[in-house]
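In our numbering, the protein residues as written are 3 to 85. By construction, the Cβ of each residue, glycine as well, lies at the ideal position given by its N, Cα and C atoms. A short worksheet on the structure shown next.
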């Protein structure tokens, strides 16, 4: 993946994101994305899945327990960057 990606929002509008990090957790891969152009936006945490051709697909995390673990892992990554 490149450092900047373009995704479609729920209304079909394109939005650019900077990939802050990708990381593995419990046999799954995740990406932390920051919307470009709006400093007030929150970081998005998405699961990376792969289509039948092996191309990455970003998927929202619907499971609250999984999301909590991913948030904790990302916060730990960010804490290590500051040290």
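Review point. How is residue 68 classed by DSSP in three states: helix, strand or coil?
Key: helix
Point to revise | Straight-line gap, residue 28 to residue 34 (C-alpha atoms, nearest Å) | key: 16 Å
Practice item. Give the range of the beta strand (DSSP E) segment to which residue 50 is assigned. Key: 46-52
Check your understanding: So who's on the other strand from residue 34, going by DSSP bridges?
Key -> 23 and 47
Review point. Helix, strand or coil: which one does DSSP assign to residue 12?
Key: coil
**Study point:** Same chain only: Cβ atoms within 7 Å of residue 37, ignoring 5 sequence neighbours per side
**Key:** 17, 19 and 43
Review point. Short check: CB of residue 72 to CB of residue 59, under 8 Å?
Key: no
Review point. Cβ atoms of residue 49 and residue 32: under 8 Å apart, would you say?
Key: yes
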